[in-house]
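Residue numbers for the sequence shown follow UniProt numbering, so the first one is 1 and each next one is one higher. Beta carbons: idealized from backbone N, C-alpha and C, even for Gly.
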Amino acid sequence: MWKLNMEKSTNNSYVFKSKVSSTAGEIIYYYCNRSQTKEMFRLSKSQELCKMNNMCTSTIRVVNENNKIVVEWLKTHYGHCNEPQHIRLRHVRLPDLEKQNIAAKLTSGVAPKRILESVRNGLGEDLNRIDLLTPKDITNIKKMEWNKWTE
């Protein structure tokens, strides 16, 4: 929950990178989702890549030792911090909670067009990823729900 709050407050996503375990506890590393150091061979079909072909300096390190959790968060981003907010948000994944809310509306029979309208009507001063919801996002959520039921 703390990670989701951090991601929402900064409009950035962090992905699990590695975990180191020892007898004293464990250390978990999360990196900015825009980080990429390997060369990518396949190009994206519809939009530019989310990865910036560089290592972003923003990381989260979670130390769990003797049932005490310490979170170290390096907030400063490198390589994509000067982008306008609507471009940065394009590279942030839709939070699972938002996907679940949309899936619940879809399964209760709400039309995708109505879902988009309700999101547009709820726009506030601060722009969030949900505010950039597209029909394609809703289609992907539908497919995700369909796959859950058919498995």
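**Study point:** Stretch pair the segment 23 to 39 + the segment 63 to 82: three plus CB contacts closer than 8 Å
**Key:** Yes: the two stretches touch, three or more of their Cβ pairs being nearer than 8 Å.
Point to revise | Meets three-Cβ-pair contact criterion under 8 Å: the segment 94 to 106 and the segment 127 to 143 | key: These segments touch.
Point to revise | Through-space distance from T23 to residue 152, alpha-carbon basis | key: Residue coverage of the chain in this structure runs from 1 to 151, which leaves residue 152 outside it and unanswerable.
Point to revise | Collapsed DSSP secondary structure at T59 in the structure displayed | key: In the three-state reduction of the DSSP assignment, T59 falls in the strand class.
Review point. Taking the C-alpha atoms as reference points, what is the distance between D131 and R114?
Key: Here the C-alpha atom of D131 lies approximately 14 Å from the C-alpha atom of R114.
Point to revise | Exposed unless 16 or more other CB atoms sit within 10 angstroms - verdict on K7 | key: Reading off the sequence shown, one finds Glu at residue 7, where the question assumed Lys. The residue in question, E7, is buried, as its Cβ has 16 or more Cβ neighbours within 10 Å.
Review point. Which residues share a DSSP beta bridge with V119?
Key: Bridge partners of V119: none, in fact.
Review point. Just reading off the beta strand (DSSP E) that K19 is part of, what are its end residues?
Key: According to the DSSP assignment, K19 belongs to the beta strand (DSSP E) that extends over 14 to 21.
Exercise for review: Label V110 either buried or exposed according to how many other C-beta atoms from any shown protein chain fall within 10 Å of its C-beta, with 16 as the threshold for buried.
Suggested key: Result: exposed.
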